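Residue numbers (my numbering): 4 to 579. Every residue, glycine too, gets a C-beta built ideally from N, C-alpha and C. All figures in this text were calculated on a predicted structure; none of them were measured in a lab.
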Amino acid sequence: MKKLILHTTILFMLLMSGGKTPSVNELKLYKEIERLKLMDVTTRFIDNKTVELKQDWSGFQRIKSIKEPDETAIRAWIAADSIPFLEIDPTLIDTNRFTGWYNYWTTVPIFNGFGRLPLAGDIDKNLKIEDYGLYMDTTMFDPESHIYEIDTNGTVRFRYKYVPRRGAAMQFTDVDVNNLQEVVFQLGDSSYFYEQRNGISLPIDPKFVFAKYEYQGTAIFTNEKIAEMDNDSLIDFIYRGSIIDTTHPSGFQIYTLIAEYNPLILNFQRVWKTQLWYESAIGGYDVGDYDGDGQMNFLASGMNGQVWVGEATGNNQYAINWNDSLPGFINLLYQTSGDVDDDGKREFFVGATMGNGNWTVVYEADSNDHYLPTFLLHLLSGGSLDEPIYMTKDIDRDGKVELIIQSGGLLYIFKSSGDNFYQLYYFSENYDGVGVNFFDFNNDEKIDIIVSKFYVNNEGMAKTYSDIYLASGINDIVENNGNLPENIMLYQNYPNPFNPTTKMKYTLPFTADVSIKVYDLFGRKVTVLIDGKKEAGVYEVTWNAIDYPSGVYYARLNVSGGGGNTVRTVKLLLIK
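Right, dumping it as structure tokens:
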């Protein structure tokens with residue numbers, strides 16, 4: 004990697020175009036550019052309102068608008084549609100109430116690139132979490148793709164180096180549904196798939212390479228998704244790519260594309276295309292059944308405030324059946340989804356980065372193929388060139404997902420306390436980094452935090468790493484708020500995989516007849532762990548499987564009481 008050189012005067016003069024006095028947002032933009040340089044992210048002005056961000060060695064590339072946001076139009080829209088609205092100034096948050104929730108534990112010497120989620124998981128099932136990403140120290144000029152493993156006591160061990168390096172680790176999947184996991188790397192215009200050799204090995208065997216661009220050199224970073232989308236049991240891939248078109252002046256055109264894994268060619272094959280708008284300004288994609296009709300939807304959003312939802316209409320057939328345009332919004336490039344308000348409907352969240360902060364619009368279906376904005380968040384952090392992280396995850400293991408936003412290096416976690424109502428659950432300014440994710444790293448049944456970070460030494464050379472912070476248990480709502488549980492829950496067993504013992508926590512909001520029975524993969528009952536009356540409360544049960552063979556089992560909680568019968572099931576993996 005080359006040394007970082009700051010050309011602050013030239014960039015400042017660009018922002019001062021015409022000799023005008025800079026606005027507050029222009030000064031903020033200038034500071035953002037300086038911060039990006041320290042992370043080796045270059046900025047190239049396409050015109051006076053559009054800028055390209057690029058981090059060559061990680062494969063990151065993004066086009067963003069730097070025009071002044073129209074906050075008046077946004078607030079008029081909020082008032083006209085009576086949208087519930089929460090605005091948060093991070094400088095006014097009392098952070099003392101979050102003290103001790105998470106504590107520094109260990110450091111892993113890799114991260115996953117600017118604006119990308121850290122990727123971790125126990126793929127080889129040895130009860131130790133692996134971290135996948137890019138390694139670089141201050142003596143290197145080019146990063147390497149590594150796997151590191153974290154022991155339950157915090158010891159970090161190098162496991163594998165991919166040669167040649169394969170860029171950022173994007174996700175785990177099983178594209179051919181053979182019960183062997185693949186890790187997907189993205190570098191330039193291609194996705195690289197590496198598979199396990201067996202169910203307890205690392206994913207290091209090259210499987211195939213999928214080229215997303217017929218015309219080379221046009222790759223723009225998007226949040227791609229690999230999922231089963233059209234109910235045919237074959238895995239699909241939604242992404243942004245190019246198709247050669249000799250009738251077009253450029254010789255190619257950019258599309259939103261869907262490919263499907265074809266077992267005959269052992270690779271993905273393009274099956275559908277559409278052009279939503281100016282495709283280079285599409286931020287990324289999310290996938291889920293948003294309207295609850297049993298058909299998978301996909302979500303896309305764009306730089307000028309557009310939102311699109313498509314749906315599978317048949318085998319390899321899709322249609323855009325809803326769209327919206329939000330007044331005053333720019334850089335609406337970020338998406339996630341999940342039933343955060345726990346009303347049985349999957350909300351989707353679209354996020355925008357603007358000079359006046361981070362804006363997030365929450366949508367929910369009001370009928371089939373139709374969606375309405377139901378809530379809006381305005382975080383006074385970040386800026387036009389910020390690259391936030393969005394996700395939904397059950398970080399406190401209460402059975403409901405939370406909305407997580409990392410904006411301007413600040414971490415916000417939101418819970419819902421009712422239908423279409425959100426409130427701040429956790430906040431920290433101690434995780435200033437370029438990516439965040441959540442895993443149980445030390446097998447204590449609590450969800451921990453990993454933060455990707457970037458360091459530049461005095462010589463201008465970069466070093467990448469990730470810090471892990473362990474959850475203390477203070478944020479365990481069920482067991483620490485002094486109240487009875489609100490829901491019947493059977494939590495995932497811990498550890499999992501296990502040998503030979505594992506534990507399961509379950510909660511009861513009322514006195515009831517309770518049974519927990521274990522079944523094998525063929526539905527045959529193998530043991531009964533609990534069978535009797537229990538008072539309301541939080542319980543834990545242990546299964547000692549020393550007399551049972553390795554394999555997949557299912558624990559089924561059956562609760563009779565409270566005017567009904569409730570069943571909850573978790574999947575157990577015994578490995579001897």
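Which first and last residues belong to the beta strand (DSSP E) in which I238 is found? Here I238 belongs to no beta strand (DSSP E), and DSSP marks it neither H nor E.
Would you say L130 and S148 are within 8 Å of each other, going by their C-beta atoms? Going by C-beta atoms, L130 is not nearer than 8 Å to S148.
May I have a chain-ordered list of the beta strand (DSSP E) segments no shorter than 3 residues that lie completely inside the stretch 308 to 378? Note on the stretch 308 to 378: whole beta strand (DSSP E) runs with a minimum of 3 residues are 309 to 317, 320 to 328, 337 to 341, 350 to 357 and 360 to 370, in chain order.
DSSP three-state assignment for N99, whether helix, strand or coil: In the structure shown, N99 sits in a helix (DSSP, three-state: H, G or I).
What do you reckon, are the CB atoms on Y288 and R400 nearer than 8 Å? Going by C-beta atoms, Y288 is not nearer than 8 Å to R400.
On a Cα-Cα basis, can you pick out the residue from E405, L302 and Q189 that is closest to D372? Comparing Cα-Cα distances from D372 to each of E405, L302 and Q189, the minimum goes to L302.
Would you kindly report the start and end of the unbroken alpha helix (DSSP H) that includes R65? First-last for R65: F63 to S68, but that is the beta strand (DSSP E), not the alpha helix (DSSP H).
Which residue comes first and which comes last in the beta strand (DSSP E) that contains I392? Residues I392 to K396.
Tell me, to the nearest whole angstrom, how far the beta carbon of Y264 is from that of K276; I am working on the premise that it is less than 8 Å. Incorrect: roughly 17 Å between the Cβ atoms, too far for contact.
Note the first and the last residue of the continuous beta strand (DSSP E) segment covering W1. Lying before the first or after the last residue shown, residue 1 is absent from the chain, which here runs from 4 to 579.
Given a cut-off of 8 Å on the beta-carbon distance, is the pair G124 and F188 in contact? For G124 and F188, no; Cβs fall outside 8 Å.
How should Y428 be labelled, buried or exposed, when 16 other C-beta atoms within 10 angstroms of its C-beta is the threshold for buried? Label assigned to Y428: buried.
S387 versus T53: straight-line alpha-carbon distance, rounded: Those two C-alpha atoms are separated by around 11 Å.
Secondary structure of V573, DSSP reduced to three states: Three-state result, V573: strand.
beta-carbon Y429 near the ligand GTP non-hydrogen atom, thresh 7 Å: The ligand GTP is not part of the structure shown, which contains no ligands of any sort.
Y434 and V454 - do their beta-carbons sit closer together than 8 Å? Yes. Within cutoff.
Span of the alpha helix (DSSP H), counted from its first residue to its last, around I81: Element bounds for I81: E74 to A83.
DSSP-derived helix/strand/coil call for R559: The answer is strand: DSSP assigns R559 an E or B state.
Determine the direct distance from the alpha carbon of L205 to that of F128, and round the result to whole angstroms. Residue 128 is actually Lys in this sequence, not Phe. Rounded to whole angstroms, K128 and L205 show a C-alpha spacing of 9 Å.
Spatially closest choice to V290 from S340, I578 and P87, by CA coordinates: Ranking the options by Cα distance to V290, first place goes to S340.
On the premise that N502 lies in contact with L577, defined as a C-beta separation below 8 Å, what is that separation, rounded to the nearest angstrom? With a Cβ gap of about 7 Å, L577 and N502 count as contacting.
Using the Cβ count rule (16 or more neighbours within 10 Å means buried), how would you classify L95? It is exposed - the Cβ of L95 has fewer than 16 other Cβ atoms within 10 Å.
On the three-state DSSP scale, how would you describe K537? In the displayed model, K537 falls within a strand according to three-state DSSP.
If you reduce the DSSP assignment to three classes, tell me which class I627 lands in. The question about residue 627 has no answer, for the chain in this structure spans 4 to 579.
Apart from the five residues just before and just after V481, which ones in its own chain have a Cβ nearer than 7 Å to its Cβ? At V481, the pLDDT of 38 sits below 50, so the modelled position is not reliable; the number obtained from the coordinates is stated separately. Within its own chain, the residues whose Cβ lies closer than 7 Å to the Cβ of V481, once the five positions on either side in sequence are excluded, are D401, P488, T510 and V541, listed in chain order.
I'd like the span of the beta strand (DSSP E) that includes L511, first residue to last. Run containing L511: T504 to L511, per the beta strand (DSSP E) assignment.
Whole angstroms is fine: what's the gap from L41's alpha carbon to M143's? Straight-line measurement puts the Cα of M143 at about 17 Å from the Cα of L41.
Would DSSP call W280 helix, strand or coil? In the three-state scheme derived from DSSP, where H, G and I count as helix and E and B as strand, W280 is classed as coil.
Assess contact between the stretch 331 to 338 and the stretch 71 to 83, defined as three or more Cβ pairs (one per stretch) separated by less than 8 Å. Is contact present? Cβ pair count under 8 Å is three or more, so yes.
Quick one: what does DSSP say D516 is sitting in, helix, strand or coil? Three-state DSSP puts D516 in a strand.
Just to confirm, are N201 and G438 a CB contact at a threshold of 8 Å? In this structure, N201 sits away from G438, with a CB-CB distance that is not shorter than 8 Å.
Excluding sequence positions up to five away, which residues of its chain have a Cβ less than 6 Å from the Cβ of N326? Within the same chain, N326 has close Cβ partners W311.
Rounded to the nearest angstrom, what separates I450 and Q58 at their Cα positions? The alpha-carbon atoms of I450 and Q58 are separated by roughly 30 Å.
Let me confirm a value: E538 is counted as buried when at least 16 other C-beta atoms fall within 10 Å, else exposed. Which label applies? Around the CB of E538, fewer than 16 other CB atoms lie within 10 Å, so the residue is classed as exposed.
DSSP three-state assignment for D389, whether helix, strand or coil: In the structure shown, D389 adopts coil according to DSSP, grouped into three states.
Could you check whether K31 and K412 sit closer than 8 Å to each other, using their CB atoms as the reference points? According to the sequence shown, residue 412 is Gly rather than Lys. It is not a contact, given that the beta carbons lie outside the stated cut-off.
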